[in-house]
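Asker:
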């Protein structure tokens, strides 16, 4: 499910920094970043490709509308937006210039990876690999896009989800348009709005103090608030202070998993449970947010000490979610789709069984390369599949090899292409095949009583 994919992008960094997906600029927020309705900093784009010049200066762009799209190899959301950006560049050719500006990290070939993706997707976007300009413009995370008008004035600093035809039309016409402001000043203003280590509404943390016996709070998340969540509802019960569960910057389906399983299953890793809610609701878009900030929430539940039990918190949380989202959940055993890692040639596969200290590296996508050393084979399917396109439940992968041993593999394949991965695996005696498996799953439906 896409919402879980967004959980991976925003919340998992607190747990194990998944994946992803956001790339953090070096250093702290400081003066010098672009300000709205102010002249853009004097910049130089170096190592420019697919553009008449290999070096582009700010003065070269005077009289032109420009969008600088900053990205990194680790940002899956950035990369998935490239085809959209390419289409918009073609639509507004001659009126708007879009530059992709990649962060050149140590041992990561951002320009090389873009070439691989560009050729595969037939893109024509101009690109630059320039860490100096990246650090000059990006205060926090990517995606990070700076809109500069024909007079050199910064009109917007946005996420990729705000780059759409209607906004571009307004930008070119000099009209204001709605967007999520992620400029350095806006992020700094919101930075301490919610402190995940303190109770909401206490001591001015997110609002004024109130007098309550117990409470639950649900609010929309905004960039700058931070993202944090325990993977299990009873983790907070073991800490000193008011018994509570708190999560900031998480999608709705993560809240539902906590409410009905008591865990997101990432930490529990129970193979008998399916880690994505199955949604049968007219408002299913709530569970599949578009973009890194679409439908992310802050939630907190506090109870008196005499009610501080895991099952009590789960029941209360279920009621809160039912009341707000107008849906009901049920845990049941059923068949769910999956990708199964199997042995296709036992003789070949057994050559890759090894022993020793695990040194798994995973994907190096810009090189079309995957490597593991002494990795427990149960971890292999998830690592192979996590960069595949689509919703998270469409790439739910399990180990069905029955080997129960560590393996060492080197694969040459495209991380975002299942056919390419399968072809590389078959050469090693394995395969990743679509199938189904029985699991305990959370099914979410519109509530009958609530509809009456």
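Residue numbers (the numbering used here): 64 to 515. C-beta: ideal position from N, C-alpha, C; glycine also.
If you draw a straight line from the alpha carbon of residue 107 to that of residue 364, how long is it in whole angstroms?
Answerer: 49 Å
Asker: Can the beta-carbon of residue 159 be found closer than 9 Å to that of residue 129?
Answerer: yes
Asker: Whole angstroms are fine: how far does the CA of residue 195 sit from the CA of residue 471?
Answerer: 38 Å
Asker: Would you report the Cα separation of residue 116 and residue 186, rounded to the nearest angstrom?
Answerer: Cα-Cα distance, rounded: 18 Å.
Asker: What is the rounded straight-line gap between the Cα of residue 466 and the Cα of residue 457?
Answerer: 24 Å
Asker: Tell me the residue span of the beta strand (DSSP E) that contains residue 494.
Answerer: 493-509
Asker: Per DSSP, which one or two residues make a beta bridge with residue 123?
Answerer: Note: residue 123 sits in no beta bridge, so no partner.
Asker: Given a threshold of 16 other Cβ atoms within 10 Å of its Cβ, counted over all protein chains shown, does residue 394 qualify as buried or as exposed?
Answerer: exposed
Asker: What are the boundary residues of the beta strand (DSSP E) that includes residue 221?
Answerer: 217-221
Asker: With distance defined between alpha-carbon atoms, name the residue in 210, 202, 216 nearest to residue 247.
Answerer: Comparing Cα positions, the closest option is 202.
Asker: List, from N- to C-terminal side, the beta strand (DSSP E) runs of 3 residues or more that fit wholly inside the stretch 384-467.
Answerer: 390-406, 425-427, 432-439, 460-462
Asker: Around the C-beta of residue 276, are 16 or more other C-beta atoms found within 10 angstroms, so that it is buried, or is it exposed?
Answerer: exposed
Asker: Per the contact definition of three or more C-beta pairs closer than 8 Å, is the stretch 375-383 in contact with the stretch 309-316?
Answerer: no
Asker: Mind listing, in chain order, the continuous alpha helix (DSSP H) runs of no fewer than 4 residues lying wholly within the stretch 237-325?
Answerer: Entirely contained in the stretch 237-325, the alpha helix (DSSP H) runs reaching 4 residues are, in chain order, 247-253, 315-324.
Asker: Residues in the same chain with beta-carbon distance under 8 Å from residue 95, minus the five sequence neighbours each way, listed in chain order, please.
Answerer: 104, 199
Asker: When we look at the beta-carbon of residue 225 and count the other beta-carbons within 10 Å, is it buried (16 or more) or exposed?
Answerer: buried
Asker: State buried or exposed for residue 295, treating a residue as buried only when at least 16 other CB atoms are found within 10 Å of its CB.
Answerer: buried
Asker: Secondary structure at residue 165, three-state DSSP: helix, strand or coil?
Answerer: strand
Asker: Helix, strand or coil: which one does DSSP assign to residue 362?
Answerer: strand
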